[in-house]
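Below you'll find the structure, written out as structure tokens, and then a few comments.
In the numbering used here, the protein residues as written are 39 to 132.
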């Protein structure tokens, strides 16, 4: 897949760890990747999409989260520009 749906601009990949559910917001923002719960009670994952969609998703992860979540800290790692998306959907790994 060469570009995020509805966007012909630059693509970006990030890793993240946050407390809260993220799948619905990822799909609303045309984000692909994965998410899973960790043994320590946080949520971690990888996300790919257009720069604007990734920035919106990051803002949501840091400041809003799901309705019942309490965000104490959100960390992003290995943020980089990519040429192609490597995921075709956003999924929960159980």
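We put the CB at the ideal spot given by N, CA and C, even for glycine.
- According to DSSP, residue 120 shares a beta bridge with 49.
- In terms of Cα proximity to residue 126, the closest of 72, 109, 108 is 72.
- Closest in C-alpha terms to residue 111, from the list 91, 118, 99, comes 99.
- In this structure, residue 69 and residue 87 form a Cβ contact; the two beta carbons are roughly 4 angstroms apart against a cut-off of 8 angstroms.
- A straight line joining the alpha-carbon of residue 102 with that of residue 89 spans about 19 angstroms.
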